[in-house]
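Structure first, commentary second.
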Amino acid sequence: MVPITTLHYLVVAAALFVLGVIGVLTRRNVVIVLMSIELILNAVNLNLVAFSRLYGLHGQIFAIFVITDAAAEAAVGLGILIAFFRNKETVNVDEVDLLKW
Amino acid sequence: MQPVATTFFFYFLALVTVISGVLVITRRNPVHSALALILALLGQAGLYLMLYAPFVAGVQIILYAGGIMVLFLFVIMLVSIERAQKEEQFNNMWVVGVLAALVLGGLFTGVYVKGRDLFAGREIALPEQSNTQQIAVLLYGNYMFAFEIASLLLLVAIIGAVVMAKKRI
Numbered sequence: 008m009v010p011i012t013t014l015h016y017l018v019v020a021a022a023l024f025v026l027g028v029i030g031v032l033t034r035r036n037v038v039i040v041l042m043s044i045e046l047i048l049n050a051v052n053l054n055l056v057a058f059s060r061l062y063g064l065h066g067q068i069f070a071i072f073v074i075t076d077a078a079a080e081a082a083v084g085l086g087i088l089i090a091f092f093r094n095k096e097t098v099n100v101d102e103v104d105l106l107k108w
Numbered sequence: 625m626q627p628v629a630t631t632f633f634f635y636f637l638a639l640v641t642v643i644s645g646v647l648v649i650t651r652r653n654p655v656h657s658a659l660a661l662i663l664a665l666l667g668q669a670g671l672y673l674m675l676y677a678p679f680v681a682g683v684q685i686i687l688y689a690g691g692i693m694v695l696f697l698f699v700i701m702l703v704s705i706e707r708a709q710k711e712e713q714f715n716n717m718w719v720v721g722v723l724a725a726l727v728l729g730g731l732f733t734g735v736y737v738k739g740r741d742l743f744a745g746r747e748i749a750l751p752e753q754s755n756t757q758q759i760a761v762l763l764y765g766n767y768m769f770a771f772e773i774a775s776l777l778l779l780v781a782i783i784g785a786v787v788m789a790k791k792r793i
């Protein structure tokens, strides 16, 4: 039986990262785009915690800071989404084209 | 304490996490996506526990699955989803999406195949009982400044969210 090494965790994190990137690029719903960003941040967190197994606790500290950033980003992003929905009655990213000319 | 059935739990949690991730980006109803994301976050908390990071696992469950996801669900209920559900869910960027996935996947595979000796079998034994204590020592010692900046960032985010969501200021 193959022992579970750091590489296994990195592969899981890579899969989550790729899923998040696909979600950000292809979905139209802003809420799901934000959720895909959370998936990407979580993949990075998993990498950091997996490497903290090799190099000491600093990776876990960074994971906590990344979680803080994710909370701030979600709050501001969802605030923007509410403001946008109030003005245009839609949640689709490709209808957000006020700055396009 | 000696861990038991590590292989089984790793593959179980990894499967739960990845399948929930796929569900997040494929479901039509955003509420289902949010619930799948909660499952993915919980599976990932289990992976953190297996990596001897109980504090990060607790923060993940309380803050992510309990805090951020409640925020997401509230916003989903604030914006009406009936109309959005009837529309096309994917934009015409799927070529770019598939391309990015292939390039990123190839990049990760290349890095991991080339550098697999770098992270093979050098795991240091992290103490599980004093994990929270050691994180606190580091957080209030080495990372004091970053900690204060993080609190400032959260303050800015709170004010920003209130200003954004307010009807008129």
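Sequence order for the protein chains is A and B. Numbering of the first sequence is given in my numbering, commencing with residue 8 and proceeding in unit increments. Numbering of the second sequence is given in my numbering, commencing with residue 625 and proceeding in unit increments. Every residue gets a Cβ at the ideal spot worked out from N, C-alpha and C, and that includes glycine.
Need the endpoints of the alpha helix (DSSP H) that residue i sits in, please.
{"i": "B/S754", "result": "Element bounds for B/S754: n/a, residue is neither H nor E."}
{"i": "A/N94", "result": "65-95"}
{"i": "B/A669", "result": "654-674"}
{"i": "A/P10", "result": "Taken as a continuous stretch (DSSP letters only), A/P10 belongs to no alpha helix (DSSP H), as it is neither H nor E."}
{"i": "B/F698", "result": "693-702"}
{"i": "B/Y688", "result": "Note, B/Y688: premise wrong, no alpha helix (DSSP H); not H, not E."}
{"i": "B/F743", "result": "Looking at the DSSP string, B/F743 is not in any alpha helix (DSSP H), and its letter there is neither H nor E."}
{"i": "B/V642", "result": "630-650"}
{"i": "B/A677", "result": "Counting along the chain, B/A677 falls outside any alpha helix (DSSP H), and DSSP gives it neither H nor E."}
So what does residue i bridge to, in DSSP terms?
{"i": "B/F714", "result": "A/R34"}
{"i": "A/N99", "result": "A/N36"}
What residues from chain B crowd round residue i, counting only those whose CB sits closer than 8 Å?
{"i": "A/D101", "result": "N715"}
Which chain A residues are close to residue i, counting only those with a beta carbon under 8 Å from its beta carbon?
{"i": "B/S657", "result": "V38, I39, M42"}
{"i": "B/A629", "result": "Chain A residues near B/A629: none, gap ~11 Å exceeds 8 Å."}
{"i": "B/L687", "result": "I74, A78"}
{"i": "B/L762", "result": "L64, H65, I68"}
{"i": "B/L778", "result": "T75, A78, A79"}
Identify the contact partners of residue i in chain B, using a Cβ-Cβ distance below 9 Å as the criterion.
{"i": "A/L106", "result": "None at all; the shortest Cβ gap to chain B is about 17 Å."}
Give the interface partners of residue i over in chain B, defined as CB-CB distance under 7 Å, in chain order.
{"i": "A/I87", "result": "M788"}
{"i": "A/V73", "result": "The premise fails here: A/V73 is roughly 10 Å from chain B at the closest Cβ pair, so nothing lies under 7 Å."}
{"i": "A/I11", "result": "T630, T631, F634"}
Helix, strand or coil for residue i per DSSP?
{"i": "B/Y767", "result": "coil"}
{"i": "B/E772", "result": "helix"}
{"i": "B/L779", "result": "helix"}
{"i": "A/L105", "result": "coil"}
{"i": "B/R707", "result": "helix"}
{"i": "B/R792", "result": "coil"}
Residues of chain A with a CB under 7 Å from the CB of residue i: which are they?
{"i": "B/Q758", "result": "L64"}
{"i": "B/Y672", "result": "V56"}
{"i": "B/Q668", "result": "N49, L53"}
At a CB-CB cut-off below 9 Å, which residues of chain A make contact with residue i?
{"i": "B/L665", "result": "E45, N49"}
{"i": "B/Y736", "result": "L14, L17, V18, A21"}
Counting Cβ pairs, one atom from each stretch, are 3 or more of them under 8 Å apart for the stretch 31-41 of chain A and the stretch 654-663 of chain B?
The way I'd put it, the stretch 31-41 of chain A does touch the stretch 654-663 of chain B; three or more beta-carbon pairs between them come closer than 8 Å.
Three CB pairs or more closer than 8 Å across the stretch 10-18 of chain A and the stretch 57-69 of chain A
Yes, since at least three Cβ pairs between the stretch 10-18 of chain A and the stretch 57-69 of chain A fall closer than 8 Å, the two stretches touch.
Counting Cβ pairs, one atom from each stretch, are 3 or more of them under 8 Å apart for the stretch 733-747 of chain B and the stretch 60-67 of chain A?
Result yes; three or more Cβ-Cβ pairs closer than 8 Å.
Are there three or more Cβ pairs, one per stretch, closer than 8 Å when the stretch 721-735 of chain B is compared with the stretch 660-677 of chain B?
They do not touch, by the three-pair rule.
Three Cβ pairs or more, each shorter than 8 Å: is that satisfied between the stretch 715-727 of chain B and the stretch 672-686 of chain B?
No, they do not touch.
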